[in-house]
Amino acid sequence: MKVLFISFGLWEHDGRTRDLVQVCKLVGDTQYVTKVVNLESRQEESHHCIVSRNALSYFRFIAKSLWMAIRMGSIDILFIDNRKAVIPGMLIKWLKKPRYTIQDVRELYLTEEVRHLAGKLGCVLEQHLMRCCEIVIAANEDRARFMEKSFRIPRPLVYENVRKLEYTKPNVETEYWKRYGSLLSRDTIRIVATSGYIVKRMNGELVEAMARLGPKFELFLIGGGSKKDLEVIRKIIEKHSLANIHIVGRQDQNGMKFFVSHCHIGVVSYHKNDMNNRFCAPGKIYEYLFEGLPVVTTENPPLVDFCTRYQVGVADDDFAEAIQAVAGNYDYFRQKVKQYVESLDIDAHRKRLARCILEASQ
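Numbering-wise (numbering that gives the first Met the number 0), the sequence shown opens with residue 0 and increments by one.
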């Protein structure tokens, strides 16, 4: 079985892309095309065609996807990962006529909710492709039900973002201790949010909550955002004279694992102003849990259900109240996290999806 996987996701930062490639490898001989952060940091291999991140990267992504498809000859399965892979995916489907096409619809973008023209066109193309694919994949049950009803397609397969952070090279933790150890030297309850300082992701409210929580708590913001977002966050910090906020910036998987593994509580936050965020499907909640961290989440339906069902944290839009609730009963939540994580098997999770793909493609 020859599989071509195409994704415009950044290999170093996109856990779902890396995970889906592992699923494809279980299905058959897999060639894949993705972006990378630093072209010089990775060797271009015969099975992994890489695209640098620059102003022309999308056009190069389309060209390299087509080149890989032509080089492969016949293609049994074309796997189109996320919306930006739709255009080259449609071209390859028309040009090479693979036996089966799979589309991972990891986001729930709706035409009426997207404001810019390019986004609306992307929604139209993505939804058109859904009706032409043999298999469509959604990131949780809420989204699968919505897509079946709204897009009039068969119920998508559900593949949740069950993943864990891994160090990619030996002795990396020692390197990070030398670089960031001073940030972790205080005897505090350390809170981590890996959504960076993006204001739409409720990080302004999270920083405001730190003023109520006081110096016994510290917040680590891992990830990026816009200059405007950063300015908003810094103004909140200045307004309250906060010394318990650390804006760490964007990290690769190694940096993410280092900080998460040395914190106590993980924050998962989304607004509810559109369906994509309302029915969020975050992989970061599993990344926190696999590192032993209880979670604090916003009150989005999947997050409320998750916290209620497994008792691994508190879902409350009042971050200060939720953090205090978890910290006040920390041993209980830690034990619940341990019990839940012991029930998870990432390899089995991948194999289930691979088996569904193989059965559908027989």
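Cβ coordinates follow ideal geometry from the N, Cα and C atoms, glycine included.
Exercise. Whole-angstrom Cβ separation of MET201 and THR297, contact assumed at under 8 Å?
Worked result: Confirmed, Cβ separation roughly 6 Å.
Exercise. In angstroms, rounded to a whole number, what distance separates the CA positions of GLY365 and LEU124?
Worked result: There is simply no residue 365 to check, as the chain begins at 0 and stops at 361 in what is shown.
For this session: Could you tell me if PHE289 is buried or exposed, where buried requires 16 or more neighbouring beta carbons within 10 angstroms of its beta carbon?
Result: By the neighbour-count criterion, in which 16 or more other beta carbons inside 10 Å mark a residue as buried, PHE289 falls on the buried side.
Exercise. Are ILE61 and PRO97 closer than 7 Å when you measure CB to CB?
Worked result: No. Outside cutoff.
Problem set entry | In DSSP terms, what ASP28 is bridged to | When DSSP reads this structure, ASP28 sits in a beta bridge with LYS1.
Problem set entry | Proximity below 7 Å, CB of LYS256 to CB of LEU164 | Their beta carbons are under 7 Å apart, which means LYS256 touches LEU164 by this criterion.
Problem set entry | Range of the contiguous beta strand (DSSP E) that encloses THR296 | Following the DSSP letters along the chain, one finds THR296 inside the beta strand (DSSP E) bounded by residues 294 to 296.
Problem set entry | Expected contact under 8 Å - CB spacing of MET274 and GLU112 to nearest Å | MET274 to GLU112, Cβ: 7 Å. Contact.
Problem set entry | Beta-carbon contacts of ILE91 that lie in its chain and below 8 Å, excluding the five residues immediately before and after | Apart from sequence neighbours up to five positions away, the residues of its chain that approach ILE91 with a beta-carbon distance below 8 Å are LEU3, ILE5, SER64, LEU65, ALA68, ILE74, LEU77, PRO97, ordered along the chain.
Problem set entry | DSSP bridge partner residues for THR307 (one or two, in chain order) | Checking the DSSP bridge columns, you'll see THR307 has no partner listed.
Problem set entry | Between the CA atoms of GLY27 and LEU116 - distance to the nearest angstrom | When rounded, the distance between both Cα atoms is 38 Å.
Exercise. Roughly how many whole angstroms lie between the Cα atoms of ALA359 and VAL340?
Worked result: Rounded to the nearest angstrom, the gap between the Cα atoms of ALA359 and VAL340 is 30 Å.
For this session: Give a yes or no on whether the C-beta atoms belonging to LEU218 and GLY195 are separated by under 7 Å.
Result: It is not a contact, given that the beta carbons lie outside the stated cut-off.
Exercise. When DSSP builds the beta bridges, which residues end up paired with SER6?
Worked result: Bridge partners of SER6: ASP80.
For this session: Using DSSP bridges, identify the partner residues of PHE216.
Result: In the DSSP output, where bridge partners are listed per residue, PHE216 has ILE188.
Exercise. Are the Cβ atoms of VAL191 and VAL259 separated by less than 7 Å?
Worked result: Yes, they are a contact pair.
Exercise. Got a sec? Which residues, its chain only, sit under 8 Å from TYR108 by beta carbon, not counting five neighbours each side?
Worked result: Around TYR108: ARG82, GLY118, GLY121, CYS122, GLU125, ASN275.
Exercise. With which residues is HIS47 paired in a DSSP beta bridge?
Worked result: In DSSP, HIS47 forms a bridge with TYR31.
Exercise. Looking at the structure shown, is LEU229 part of a helix, part of a strand, or coil, going by DSSP?
Worked result: For LEU229, the secondary structure class from DSSP, reduced to helix, strand or coil, is helix.
For this session: Output yes or no for whether 7 Å exceeds the beta carbon distance between PHE278 and ASP141.
Result: Cβ distance < 7 Å, so PHE278 and ASP141 count as in contact.
Exercise. Tell me the DSSP bridge mates of THR100?
Worked result: DSSP output for THR100 lists LEU77 as bridge partner(s).
Problem set entry | Residue burial classification, HIS391 (beta-carbon count within 10 angstroms, cutoff 16) | Any question about residue 391 goes unanswered here, given that the chain covers just 0 to 361.
Exercise. According to DSSP, what are the bridge partners of GLY312?
Worked result: GLY312 is bridged to VAL294.
Problem set entry | Cβ separation of LEU302 and VAL247, assumed to be a contact under 8 Å, to the nearest whole Å | 24 Å between Cβ atoms; not a contact.
Exercise. How about GLN21 and ARG349: do their beta carbons lie closer than 7 Å?
Worked result: Note that the C-beta distance between GLN21 and ARG349 is below 7 Å.
Problem set entry | C-alpha distance - CYS23 paired with ARG233, whole-angstrom precision | Looking at the two C-alpha atoms, the distance is approximately 43 Å.
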